[in-house]
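**Q** The structure follows.
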Amino acid sequence: MATVGIIANPASGKDIRRLVAYGSVFDNQEKVNIVRRVLLGLEAASVDEVIFMPDYFGIGPRAVDGARLSMQTSILDMPLRATQEDSTQAAALMREMGVGCIVTIGGDGTNRAVAKGCGEVCLMPISTGTNNVFPYMIEGTIAGLAAGVVAAGTFDSHRLARRTKRLEVKLDGHLIDIALVDAVVYADLFVASRAIWDMSKVKEIILTRAEPDNIGLSSVGGNLYCARFNRHHGVYIRLGEGPLEVTAPIAPGLIGSVGIAGYRLLSIGDQVEVTHRPSLLALDGEREIEIGKDDEMSIQLSATGPLVVDVRRALQCAAKANLFTRLCGGGSMRTRCAMREANLCLAPLDSCLARPQARDAKHEGRE
Amino acid sequence: MSAQEKELTNEQLLEMYRKMLLVRTFEEKCAAEFAKGVMPGFVHLSVGQEAIAVGTVYGLRKDDFISATHRGHGCLIVKGMPMRKMFAEMLGRKTGACGGKGCSFHMGNLSLGIYEINGILGSSTPIATGSALAMKKAGTEQVHLAYFGDGQSNLGSIHEGMNFAAIHKLPIVYICENNLYGISMRQTDATAIEDIADRATAYGFPGVAVDGNDVIAVYEVSQEAVKRARKGNGPTLIECKTYRWRGHFEGDPTVYRSEKEVEEWKKKCPIKRLKERLMGLGILTEEMSDRIIKEVEQEVEEAYQQAWNDPMPAPEDALILGFAR
């Protein structure tokens, strides 16, 4: 039985970055629309059941209302606190229930909360937050189809997903939190409105990924080109006066220039000590942890981030295995090429790549 | 701008803490005296919502204006209204903010930048919007802060005001104090959307939802909105998520909500929250806090006693202020 969990954050996309930058506004009705499209994609991918995280707006039930679904849907029985712990707890419960995939609707912060509870369950993250690097800007229907393919279990789900990195925040050597994209040492005293936008207060940046085509601080690292850098690396940057200045998209519509005082690649297992104290630690774009002047805090790059659905690969595997094609006259496919089977192929016979027997679908996913 | 070490000094942070305590103590004094039956009229108290009054008004210029709600004692105190005049008004004394005729509902003082509170819900918004239009035409770079509640947010006058302000890019900040209940009706029973801040999108200006029990968060957001308005970039809608600890009015039996809900919100006390952070930073100690509390209690008590001893209006005073001459 294919089951998918959906965690939609009702609070994403409403913070101060609508005022200090040009962040998109995602009202909850739009999230309902996105979830509805996800549901329709999931149903088309033969998912049997969907489980929602409860939320104070009722995104899940509103999405189901009027969607005419044949799938079973239910809401997790859990207390609501209207904090990010809801997402963590929901992910943990869904993992225990054996869901095949969790669809998240939110931003980097939402996914960070989910990643704390999802374990080895694949995530299908849809962006509705502000500075989003981790989730995809993707149409909900496509996300639903891909998540459904993963959850259906036709393929080895680990083959349809990619492993991400994470940053492990340690206080006195003990793990206290994680980040999926960036950790920032911020010269401030209050968590307050959470967002970070004043680059003069950013002292250090630790990145799991440094990509110039991303929004937010990931792009600062991405624009500092290092020939040795590869996807297994993270990056540590110390900001301040130095020989180099980089201009990068700090937030939507907010381009900033920052001086670079130091830079180094981080390999898996490398650790950075926080020396600017007292200060705040921002995780994935939000001020989260107050660092006292005597706190021994460190941040370590780890290869144990959550699995994320590779949408293209998942849907390509589904296409190769004819998951979404059938012979109109009935009967089963004997080859893996629907065009050939249906006598639609106009190519010369000797150029046909299709093999006479359908390959084992499990094997297909391992290609 | 953000409320960070460069902008807010330790002294200012302590002052904000003190003002929150002042508002809380004032409101609790009102509750105690109202219960004795010596304070006529209705009283709507803002205990639990102090972070909004302090976070939004602190940092305003003296010539900026506010239009508070009927639960607006805190905003008035932070803007500079003497507590003695407020108590005197609520006690019906001649020295009150409205000569003792308006009670809690109509206090104001234009010289302090305080438009009179309006007892008709939602009707202060168009007035505040008109005030912002005057500011823009005068080119004074003043800003008007217009407050309303989650219940009022559904009134037509609020929307007309916001639409007009958006068209003319007026220097106004709309502040929705969302305490979850419009009188006895829960927000979710009266409003189709969860975040009232979302409505700003419809008018084409920014809307921000903020934790209304975090005074520094409220301050950060409101300062950014004020800066934006002062620069001529137009209005902002800020929704402060909060909770009123007491009833809609004093005497409200609050049968529409559970004790458990109230207790949960009391754990999020905005004053306790700031106190703990300031103590963690070494800016405040328990001894300092005790001293501030004593000073504040004394200040409130003195203001009340002075108001109590102030004269009642004479019969002929009924003929002034109430009518145009």
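Note that the protein sequences, when read in sequence, are chains R and F. Just so we're aligned, residue 1 is where the first sequence starts under the working numbering, counting upward by one. Just so we're aligned, residue 1001 is where the second sequence starts under the working numbering, counting upward by one. Even for Gly, the Cβ is constructed at its ideal location relative to N, Cα and C.
Got a sec: is the Cβ-Cβ distance from tyrosine 1219 of chain F to anything in chain R below 9 Å?
**A** yes
**Q** Is it buried or exposed for aspartate 1079 of chain F, if we count other Cβ within 10 angstroms and need 16 for buried?
**A** A quick correction: the sequence has lysine, not aspartate, at residue 1079 of chain F. Lysine 1079 of chain F comes out buried.
**Q** With a CB to CB cut of under 7 Å and the five nearest residues on each side skipped, what residues in its chain are close to alanine 187 of chain R?
**A** Lys201, Lys203, His276 and Ser279
**Q** For a contact defined as C-beta to C-beta under 8 Å, what are the partners of proline 1206 of chain F on chain R?
**A** Arg18 and Leu19
**Q** Along the segment 1029–1059 of chain F, what residues have a CB closer than 7 Å to any CB found in chain R?
**A** none
**Q** Is the shortest distance between the beta-carbon of alanine 1225 of chain F and the beta-carbons of chain R less than 9 Å?
**A** Cβ-Cβ to chain R under 9 Å: yes for alanine 1225 of chain F.
**Q** So with CB distances below 7 Å, who are the chain F contacts of proline 10 of chain R?
**A** Glu1194
**Q** Along chain R, in chain order, which residues have C-beta atoms closer than 8 Å to that of arginine 967 of chain F?
**A** There is simply no residue 967 of chain F to check, as chain F begins at 1001 and stops at 1325 in what is shown.
**Q** Please report whether the beta-carbon of arginine 277 of chain R lies at a distance below 9 Å from any beta-carbon of chain F.
**A** no
**Q** Could you check whether serine 1157 of chain F and serine 1123 of chain F sit closer than 9 Å to each other, using their CB atoms as the reference points?
**A** Contact flag set, yes.
**Q** Who are the near neighbours of isoleucine 196 of chain R in its chain, counting only those whose CB is closer than 8 Å to its CB and skipping five residues on each side?
**A** Val184, Tyr186, Val202, Ala282, Gly285, Glu286 and Arg287
**Q** Can you find a CB in chain R that lies within less than 9 Å of the CB of threonine 1242 of chain F?
**A** Chain R contact via Cβ: absent.
**Q** Check distances from the C-beta atoms of the segment 1268–1295 of chain F to those of chain R and list, in chain order, the residues that come in under 8 Å.
**A** Arg1277, Gly1280 and Leu1281
**Q** Exposed or buried, which one is methionine 1312 of chain F when buried takes at least 16 other CB atoms within 10 Å?
**A** exposed
**Q** Is the distance from the Cβ of methionine 1 of chain R to the Cβ of aspartate 48 of chain R below 9 Å?
**A** yes
**Q** For the alpha helix (DSSP H) that contains valine 103 of chain R, what are its first and last residues?
**A** Element bounds for valine 103 of chain R: not the alpha helix (DSSP H) but the beta strand (DSSP E), 101–106.
**Q** Give me the chain F residues within the contact set of leucine 244 of chain R, using Cβ-Cβ distance strictly less than 9 Å, ordered along the chain.
**A** In chain order: nothing, as chain F lies at least about 25 Å away.
**Q** Out of F:Phe1042, F:Ile1167 and F:Val1173, state which residue places its alpha-carbon closest to the alpha-carbon of leucine 1060 of chain F.
**A** F:Val1173
**Q** Comparing alpha-carbon positions, which option in R:Leu76, R:Tyr22, R:Gly100 and R:Arg334 lies nearest alanine 321 of chain R?
**A** That would be R:Arg334, whose Cα lies nearest to the Cα of alanine 321 of chain R.
**Q** Residues of the segment 257–269 of chain R in Cβ contact with chain F at a cutoff of 8 Å, in chain order, please.
**A** Cβ contacts with chain F come from no residue of the segment 257–269 of chain R.
**Q** Determine the direct distance from the alpha carbon of asparagine 9 of chain R to that of glutamate 1050 of chain F, and round the result to whole angstroms.
**A** 28 Å
**Q** Do valine 103 of chain R and alanine 152 of chain R have their C-beta atoms closer together than 9 Å?
**A** no
**Q** Give the list of continuous beta strand (DSSP E) stretches no shorter than 3 residues that lie fully inside the segment 1174–1211 of chain F.
**A** 1207–1211
**Q** Going by DSSP, what residue range makes up the alpha helix (DSSP H) through tyrosine 1017 of chain F?
**A** 1010–1036
**Q** Using only CA atoms, which one of R:Phe229, R:Asp55 and R:Lys170 lies nearest to arginine 264 of chain R?
**A** Comparing Cα positions, the closest option is R:Phe229.
**Q** Alpha carbons only, please: which of R:Thr83, R:Ile34, R:Arg81 and R:Ile255 is nearest the one belonging to proline 61 of chain R?
**A** R:Ile34
**Q** If you pair each beta-carbon of the segment 1109–1120 of chain F with each one of the segment 1132–1140 of chain F, do three or more pairs fall below 8 Å?
**A** These segments do not touch.
**Q** According to DSSP, simplified to helix, strand and coil, what is glutamine 1004 of chain F?
**A** Its pLDDT being 43, under 50, glutamine 1004 of chain F is placed unreliably in this model, and the value from its coordinates should be taken loosely. Glutamine 1004 of chain F: coil per DSSP, three-state reduction.
**Q** Quick one: list the residues of chain R neighbouring threonine 1236 of chain F, beta-carbon separation under 8 Å, in chain order.
**A** Leu19
**Q** Look at the Cβ atom of threonine 3 of chain R, then the Cβ atom of isoleucine 51 of chain R, and state whether they are nearer than 9 Å.
**A** yes
**Q** Interface residues of chain R around aspartate 1189 of chain F at Cβ under 9 Å?
**A** Chain R residues near aspartate 1189 of chain F: none, gap ~13 Å exceeds 9 Å.
**Q** Check for me: the alpha helix (DSSP H) holding phenylalanine 1164 of chain F runs from which residue to which?
**A** 1156–1168
**Q** Could you tell me how far apart the beta carbons of glutamate 1089 of chain F and cysteine 1103 of chain F are, in whole angstroms, since I believe they sit closer than 8 Å?
**A** 6 Å
**Q** Please confirm whether aspartate 270 of chain R and tyrosine 236 of chain R have their CB atoms less than 9 Å apart.
**A** Inclusion of aspartate 270 of chain R and tyrosine 236 of chain R in the CB contact set at 9 Å is warranted, their separation being smaller than that value.
**Q** Which residues bound the alpha helix (DSSP H) around alanine 1053 of chain F?
**A** First-last of the alpha helix (DSSP H) with alanine 1053 of chain F: 1050–1057.
**Q** Give the straight-line distance between the Cα atoms of glutamate 1316 of chain F and alanine 1097 of chain F, rounded to the nearest whole angstrom.
**A** Rounded to the nearest angstrom, the two C-alpha atoms are 18 Å apart.
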